[in-house]
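> Attaching a single structure in structure tokens format; questions to follow.
2 protein chains.
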Amino acid sequence: MLTPEMLKGHLDAIVLAALEAGPAHGYAIIETIKQRSAGTFDLPEGTVYPALHRLEQAGLLSSAWTTPPSGRKRRVYSLTRTGTAALGERRKAWGRFSQAVDTALGPVLGGGRA
Amino acid sequence: MLTPEMLKGHLDAIVLAALEAGPAHGYAIIETIKQRSAGTFDLPEGTVYPALHRLEQAGLLSSAWTTPPSGRKRRVYSLTRTGTAALGERRKAWGRFSQAVDTALGPVLGGGRA
DNA sequence: GCTCTACACCTAGTTATGCTAGGTATGGAA
DNA sequence: TTCCATACCTAGCATAACTAGGTGTAGAGC
């Protein structure tokens with residue numbers, strides 16, 4: 001069973017990674033994350049929007065309101081230079097963390113990963 | 001940088017795994033985890049003891065006080081049958097979770113793992 | 001015209017849990 | 001007799017994902 005707590009401390013990296021390919025608005029980011037994780041991370045808006053605000057306030061993202069011809073207002077987020085650097089850091093941190101858990105969990109013996 | 005939040009939701013599995021090889025007391029469990037994670041998880045007692053109590057209350061661990069000839073009292077924890085089953089579940093959950101993060105983080109391109 | 005769904009954003013408050021900081025006590029070494 | 005490693009405990013803090021509610025637009029179906 002995947003609990004919400006498992007995501008703690010890892011969401012920022014995932015959001016930043018979703019913006020690496022280019023700017024996007026909140027709703028689209030949620031979709032991207034859902035698809036890239038093969039449906040595993042179907043994040044509620046109440047999770048993603050506050051995260052975006054946090055990341056912008058931290059200077060890792062910048063945002064701009066846009067009104068496409070269709071009519072609906074959207075807030076489009078982009079990675080800042082700091083954000084791109086942070087993404088690299090977070091990826092490294094994830095690598096170290098996941099490897100440590102892998103070894104701490106011990107002999108999986110053909111369990112999960114190749 | 002590895003933040004404490006990253007561990008949230010994963011600690012239980014790590015503690016259970018540390019007891020898979022056999023019963024042990026709290027202090028030894030901390031040492032085991034430190035060694036198995038190559039020093040990455042140097043957990044404070046205030047993290048591990050409450051976790052042990054939680055797991056015992058949940059029926060995944062059982063404990064017994066022992067007084068070895070040296071003199072100091074120790075509380076030795078063992079995996080219950082439920083705990084062993086739970087460990088299997090947690091390992092599977094970790095596998096699914098970490099794989100989802102791996103893909104969500106996207107092209108690491110020779111970054112962290114083999 | 002009216003309802004319903006999908007899109008698109010927001011926030012106050014809850015909850016879970018790892019950690020900080022403090023405490024108790026034994027035994028051996030300096 | 002002072003200090004450190006061992007060995008246990010707990011109250012309270014901090015963080016962050018989530019719940020549950022809200023606003024408003026656009027298009028489809030009746």
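So the sequence lines, in the order shown, correspond to chains A and B. Going by full-length UniProt numbering, the first residue of the first sequence is number 1, and it counts up by one from there. Going by full-length UniProt numbering, the first residue of the second sequence is number 1, and it counts up by one from there. Backbone N, C-alpha and C fix where the C-beta goes; we use that ideal spot for every residue, glycine too.
(1) Quick one: which chain A residues come within Cβ less than 7 angstroms of residue 3 of chain B?
(2) Do residue 38 of chain B and residue 32 of chain B count as a contact pair if the criterion is CB distance below 8 angstroms?
(3) What is the DSSP secondary structure of residue 47 of chain A, counted as helix, strand or coil?
(4) Could you tell me whether the Cβ atoms of residue 40 of chain A and residue 13 of chain B are closer together than 8 angstroms?
(5) Between the segment 80 to 91 of chain B and the segment 61 to 81 of chain A, are three or more C-beta pairs nearer than 8 angstroms?
(6) Sort out for me which residues DSSP pairs residue 65 of chain B with in a bridge.
(7) In the DSSP assignment, the alpha helix (DSSP H) including residue 92 of chain A goes from what residue to what residue?
(8) Determine the direct distance from the alpha carbon of residue 94 of chain A to that of residue 87 of chain A, and round the result to whole angstroms.
(9) Return the chain-ordered list of same chain residues with a C-beta closer than 7 angstroms to the C-beta of residue 106 of chain B, the five sequence neighbours on each side being excluded.
(10) Quick check: what's the CA-CA separation for residue 36 of chain A versus residue 47 of chain B?
(11) Check residue 24 of chain B in the structure and name its three-state DSSP category.
Working from what's here:
(1) If you number the second sequence from 1, residue 3 of chain B lands on position 3. Within 7 angstroms Cβ-Cβ: 9.
(2) Along the second sequence, read from residue 1 onward, the residue named residue 32 of chain B stands at position 32. Along the second sequence, read from residue 1 onward, the residue named residue 38 of chain B stands at position 38. Contact flag unset, no.
(3) As a working mapping, residue 47 of chain A is identified with position 47 in the first sequence. Correct three-state label for residue 47 of chain A: helix.
(4) What you label residue 40 of chain A is simply residue 40 of the first sequence in a count that begins at 1. What you label residue 13 of chain B is simply residue 13 of the second sequence in a count that begins at 1. Judged by their CB atoms, residue 40 of chain A and residue 13 of chain B are not nearer to each other than the 8 angstroms cut-off.
(5) With a cut-off of 8 angstroms on Cβ pairs, the segment 80 to 91 of chain B is not in contact with the segment 61 to 81 of chain A, counting fewer than three such pairs.
(6) Position 65 of the second sequence, counted from the start, is the residue given in the question as residue 65 of chain B. Residue pairing for residue 65 of chain B: DSSP places it in a beta bridge opposite B/75.
(7) Within the first sequence, the letter at position 92 stands for residue 92 of chain A. Looking at the DSSP string, the run of the alpha helix (DSSP H) that includes residue 92 of chain A is 81 to 105.
(8) In the first sequence, counting from the first residue as 1, residue 87 of chain A sits at position 87. In the first sequence, counting from the first residue as 1, residue 94 of chain A sits at position 94. Each residue's Cα considered, the two are about 10 angstroms apart.
(9) To locate residue 106 of chain B, count along the second sequence from 1; it is residue 106. A distance below 7 angstroms between beta-carbons, with the five flanking residues on each side excluded, links residue 106 of chain B to no residue of its chain.
(10) Counting from 1 along the first sequence, the entry for residue 36 of chain A is found at position 36. Counting from 1 along the second sequence, the entry for residue 47 of chain B is found at position 47. A straight line joining the alpha-carbon of residue 36 of chain A with that of residue 47 of chain B spans about 33 angstroms.
(11) Position 24 of the second sequence holds residue 24 of chain B. Judged by DSSP in its simplified three-state form, residue 24 of chain B adopts strand.
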